[in-house]
Amino acid sequence: GAGVSQSPSNKVTEKGKDVELRCDPISGHTALYWYRQSLGQGLEFLIYFQGNSAPDKSGLPSDRFSAERTGGSVSTLTIQRTQQEDSAVYLCASSLLDTDTQYFGPGTRLTVL
Amino acid sequence: SQKIEQNSEALNIQEGKTATLTCNYTNYSPAYLQWYRQDPGRGPVFLLLIRENEKEKRKERLKVTFDTTLKQSLFHITASQPADSATYLCALASRSNYQLIWGAGTKLIIKP
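So the sequences go chain by chain: L and E.
In this text, residue positions in the first sequence follow our numbering: the first is 429, and each later residue adds one.
In this text, residue positions in the second sequence follow our numbering: the first is 5, and each later residue adds one.
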């Protein structure tokens with residue numbers, strides 16, 4: 429079946445602009461995660477959605493970052509007033525349960541000029 | 005503070021030999037540990053999960069060990085092949101909330 433998809437695959441934006449990154453998880457997966465990965469670094473947790481529970485936003489680096497998950501499926505990560513330090517690969521993952529294997533999308537490479 | 009460490013230097017191994025990667029952690033009470041493979045430009049792909057009460061797990065040419073006393077996991081690839089070249093990430097799930105905490109990964113290069 430279809431895996432996790434993310435769009436766009438690449439995004440170049442100017443400092444100060446807002447960007448939206450999209451994630452389509454595997455159908456039926458209740459848990460959805462957003463991570464950020466900078467070059468040569470490990471995955472930095474950003475936000476976690478589980479079913480209808482309130483999301484765990486503890487990893488969001490600032491209030492410029494927000495995320496939504498509509499209908500328990502598609503998720504959008506929004507970065508407002510982008511800064512150069514926001515440049516990274518943003519990865520989305522989903523899992524059937526929160527204690528289960530995570531399945532990752534290909535990521536969105538964000539470059540802020 | 006909580007920390008997961010993987011060797012940041014690339015590991016070069018001759019084809020056919022066994023590659024061994026290390027994941028060390030501090031200040032965690034892990035429920036389980038996972039190993040993932042990541043190729044350039046792609047998201048990580050799950051390989052193996054080992055729970056806190058398990059010493060060893062195998063899958064084909066892969067073997068993972070978990071020593072909660074040493075706070076260390078070893079990941080072995082036997083009969084390594086150039087196609088095994090990738091970055092390998094370890095991730096710990098703590099007992100408190102099961103969120104995965106990730107190491108930075110070790111780049112493995114298998115030379116023909």
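Quick reminder that beta carbons are idealized off the backbone N, C-alpha and C, glycines included.
key: Within-8 Å CB hit, L474 of chain L to chain E   = To locate residue 474 of chain L, count along the first sequence from 1; it is residue 46. With 8 Å as the cut-off, L474 of chain L does not count as an interface residue toward chain E.
inquiry  = With the cut-off set at 8 Å, would you say Y36 of chain E and I8 of chain E are in Cβ contact?
reply    = Start at 1 with the first residue of the second sequence, and residue 36 of chain E comes out as number 32. Start at 1 with the first residue of the second sequence, and residue 8 of chain E comes out as number 4. No. Outside cutoff.
key: Of the residues E:D88, E:W106, E:R55, the one placed nearest Q18 of chain E, counting alpha carbons only   = Here residue 18 of chain E corresponds to residue number 14 of the second sequence, with the count starting at 1. Nearest C-alpha to Q18 of chain E: E:D88.
request  = Would you give the residue range spanned by the beta strand (DSSP E) that Q478 of chain L belongs to?
outcome  = Stepping through the first sequence from its first residue, residue 478 of chain L is reached at position 50. 471-478 is the span of the beta strand (DSSP E), which, as asked, contains Q478 of chain L.
ask   = For the candidate residues L:T441, L:H457, L:S433, whose alpha-carbon lies nearest to that of Y476 of chain L?
value = To locate residue 476 of chain L, count along the first sequence from 1; it is residue 48. The residue with the shortest Cα to Cα distance from Y476 of chain L is L:H457.
query = What are the boundary residues of the beta strand (DSSP E) that H80 of chain E is part of?
reply = Position 76 of the second sequence holds residue 80 of chain E. Run containing H80 of chain E: 76-81, per the beta strand (DSSP E) assignment.
query = Hey, out of L:S503, L:P489, L:A495, L:L474, whose CA is closest to I454 of chain L's CA?
reply = Counting from 1 along the first sequence, the entry for residue 454 of chain L is found at position 26. Among L:S503, L:P489, L:A495, L:L474, the Cα nearest to that of I454 of chain L belongs to L:S503.
ask   = Mind pulling the beta strand (DSSP E) runs of 3 or more residues that sit fully within the stretch 36-99 of chain E?
value = 49-55, 60-63, 66-71, 76-81, 90-98
key: Contact set for L519 of chain L: own chain, Cβ-Cβ below 7 Å, skip 5 residues either direction   = The residue you call residue 519 of chain L lines up with position 91 of the first sequence. These residues qualify, in order along the chain: Y463, Q465, L471, F532, G533, G535.
request  = Would you mind working out which of E:L93, E:H80, E:G47, E:G45 sits nearest K63 of chain E, comparing C-alpha positions?
outcome  = Position 59 of the second sequence, counted from the first residue, corresponds to residue 63 of chain E. Minimum Cα distance to K63 of chain E is reached at E:H80.
key: Assigned exposure category for T73 of chain E - 16 Cβ within 10 Å defines buried   = Along the second sequence, one-based indexing puts residue 73 of chain E at 69. Label assigned to T73 of chain E: exposed.
query = According to DSSP, is D514 of chain L helix, strand or coil?
reply = Position 86 of the first sequence, counted from the start, is the residue given in the question as residue 514 of chain L. In the structure shown, D514 of chain L sits in a helix (DSSP, three-state: H, G or I).
query = Using 8 Å as the limit for Cβ to Cβ distance, is Q469 of chain L near chain E?
reply = Within the first sequence, numbered from 1, the residue matching residue 469 of chain L stands at position 41. Judged by the 8 Å Cβ criterion, Q469 of chain L is in contact with chain E.
query = Name the DSSP beta bridge partners of V447 of chain L, please?
reply = Translated into positions along the first sequence, residue 447 of chain L becomes position 19. Partner(s): L:I507.
request  = Would you mind working out which of L:Q511, L:G500, L:Q469 sits nearest C451 of chain L, comparing C-alpha positions?
outcome  = Taking the first sequence and counting its residues from 1, one reaches residue 451 of chain L at position 23. That would be L:G500, whose Cα lies nearest to the Cα of C451 of chain L.
request  = Quick one: using the 10 Å Cβ neighbour count with 16 as the cut-off for buried, is T91 of chain E buried or exposed?
outcome  = The sequence position of residue 91 of chain E within the second sequence is 87, counting from 1. With 16 or more Cβ atoms within 10 Å of its Cβ, T91 of chain E is classed as buried.
task = Starting from the Cα of P34 of chain E, find the closest Cα among E:L78, E:F70, E:S84, E:K21 and give me that residue.
result = As a working note, residue 34 of chain E is residue 30 in the second sequence. Among E:L78, E:F70, E:S84, E:K21, the Cα nearest to that of P34 of chain E belongs to E:F70.
task = Pull up the distance between the alpha-carbon of G479 of chain L and that of R509 of chain L, whole angstroms please.
result = Position 51 of the first sequence, counted from the first residue, corresponds to residue 479 of chain L. Position 81 of the first sequence, counted from the first residue, corresponds to residue 509 of chain L. Taking the straight line from one Cα to the other gives about 29 Å.
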